[in-house]
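Residue numbers (this note's numbering): 101 to 432. Don't be surprised by glycine CBs; every beta carbon is placed ideally from N, CA and C. This report concerns only the one structure given below.
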């Protein structure tokens, strides 16, 4: 009996010990799992913090570089321009003026090229142009057709020949539709033809908006400082365009015509000494003071010994000490 009781007690104690051992092992396992998870979380957290720090450092570096390095400029394509300078140049004078217009308006550029260039001598060129005008057979151009659909404004440049624009411009006009375009004429000349050429453009292109024209003599633009002088005048020309000035309004700034004085005659003689072939005889004069003295002479003209016609001659006399009188234009 006593032995049986002892055995039961020992079995009970053994079961209790095994239960405690199982509980201990279970708790130990759970603790190991918890520690493992905590360690993994800690490592992940550390990695995230490190990555965040690296990203922050990169962002700071990028920000610093953006302050010291300029942003790349936006590419400007020709299609973004709304104006184009189309011109023909015989001697290079009109090309100089075309560059002034191009820079002033950030315009595209298109130079017309003859299939068969004009002769190299003046007399031969005059003979060829005279024949073209009499027959109205205009010279062929390598690039007569210009893609104008993307442009609102066409700056059209040319040298004056026989009182109006050079024959290649007729070829250009025949090959292109200027309807609805703003056409701004500009020209170079020996003595004049600016207004007459603009008037002819208006007649030939009634569906275009042909503005007043700018012109400068070959002698003036090819002289030393001539391009800079042209830039100043073109800036004034654009100001007149933007305020809607007309030929009549521009001419209206002069005084009434009056008889010539001895001083007027001396100014006229000095300014026209290189233009004897025009056979100019001043009849009366009006003046306007703008940056110097501007003269508008009404003259009788017998160009190249031809019949007498009446014309206007503009002459500019700079302020004292700033140059000699110069002929600006003969309005033929």
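DSSP three-state assignment for residue i, whether helix, strand or coil
{"i": "residue 215", "result": "coil"}
{"i": "residue 246", "result": "coil"}
{"i": "residue 188", "result": "coil"}
{"i": "residue 195", "result": "helix"}
{"i": "residue 340", "result": "helix"}
{"i": "residue 395", "result": "strand"}
{"i": "residue 125", "result": "At residue 125, the pLDDT of 47 sits below 50, so the modelled position is not reliable and the matter cannot be decided from this model."}
{"i": "residue 200", "result": "helix"}
{"i": "residue 390", "result": "coil"}
{"i": "residue 414", "result": "strand"}
{"i": "residue 364", "result": "helix"}
{"i": "residue 241", "result": "strand"}
{"i": "residue 205", "result": "helix"}
{"i": "residue 350", "result": "helix"}
{"i": "residue 329", "result": "helix"}
Terminal residues of the beta strand (DSSP E) in which residue i lies
{"i": "residue 407", "result": "Segment: none, residue 407 is in no beta strand (DSSP E) and carries neither H nor E."}
{"i": "residue 431", "result": "426-431"}
Cβ-Cβ distance between residue i and residue j below 8 Å
{"i": "residue 385", "j": "residue 395", "result": "yes"}
{"i": "residue 304", "j": "residue 285", "result": "no"}
{"i": "residue 347", "j": "residue 295", "result": "yes"}
{"i": "residue 398", "j": "residue 410", "result": "yes"}
{"i": "residue 271", "j": "residue 308", "result": "no"}
{"i": "residue 341", "j": "residue 316", "result": "no"}
{"i": "residue 288", "j": "residue 408", "result": "no"}
{"i": "residue 290", "j": "residue 201", "result": "no"}
{"i": "residue 266", "j": "residue 293", "result": "no"}
{"i": "residue 370", "j": "residue 418", "result": "no"}
{"i": "residue 211", "j": "residue 189", "result": "yes"}
{"i": "residue 207", "j": "residue 262", "result": "no"}
{"i": "residue 196", "j": "residue 334", "result": "no"}
{"i": "residue 361", "j": "residue 427", "result": "no"}
{"i": "residue 259", "j": "residue 214", "result": "no"}
{"i": "residue 400", "j": "residue 412", "result": "no"}
{"i": "residue 354", "j": "residue 388", "result": "yes"}
Burial state of residue i, where buried means 16 or more other Cβ atoms lie within 10 Å
{"i": "residue 219", "result": "exposed"}
{"i": "residue 163", "result": "At residue 163 the pLDDT is 41, less than 50, meaning the model places this residue with poor confidence and gives no usable figure here."}
{"i": "residue 232", "result": "buried"}
{"i": "residue 318", "result": "buried"}
{"i": "residue 222", "result": "exposed"}
{"i": "residue 227", "result": "exposed"}
{"i": "residue 150", "result": "Because the pLDDT at residue 150 is just 43, under 50, the model does not fix this residue reliably, and the point stays unresolved."}
{"i": "residue 198", "result": "buried"}
{"i": "residue 416", "result": "buried"}
{"i": "residue 237", "result": "exposed"}
{"i": "residue 367", "result": "buried"}
{"i": "residue 339", "result": "exposed"}
{"i": "residue 251", "result": "buried"}
{"i": "residue 383", "result": "exposed"}
{"i": "residue 239", "result": "buried"}
{"i": "residue 297", "result": "buried"}
{"i": "residue 323", "result": "exposed"}
Residues that DSSP places opposite residue i in a beta bridge
{"i": "residue 183", "result": "253"}
{"i": "residue 315", "result": "287"}
{"i": "residue 358", "result": "385"}
{"i": "residue 258", "result": "287"}
{"i": "residue 292", "result": "430"}
{"i": "residue 380", "result": "401"}
{"i": "residue 210", "result": "186"}
{"i": "residue 282", "result": "253 and 309"}
{"i": "residue 264", "result": "261"}
Delimiting residues of the alpha helix (DSSP H) encompassing residue i
{"i": "residue 222", "result": "222-235"}
{"i": "residue 306", "result": "Unbroken run through residue 306: none, as it is neither H nor E."}
{"i": "residue 323", "result": "Premise fails: residue 323 is in no alpha helix (DSSP H) and is neither H nor E."}
{"i": "residue 375", "result": "Taken as a continuous stretch (DSSP letters only), residue 375 belongs to no alpha helix (DSSP H), as it is neither H nor E."}
{"i": "residue 274", "result": "267-275"}
Proximity test, Cβ basis, 8 Å: residue i and chain D
{"i": "residue 408", "result": "No chain D appears in the structure shown, which is made up of a single protein chain."}
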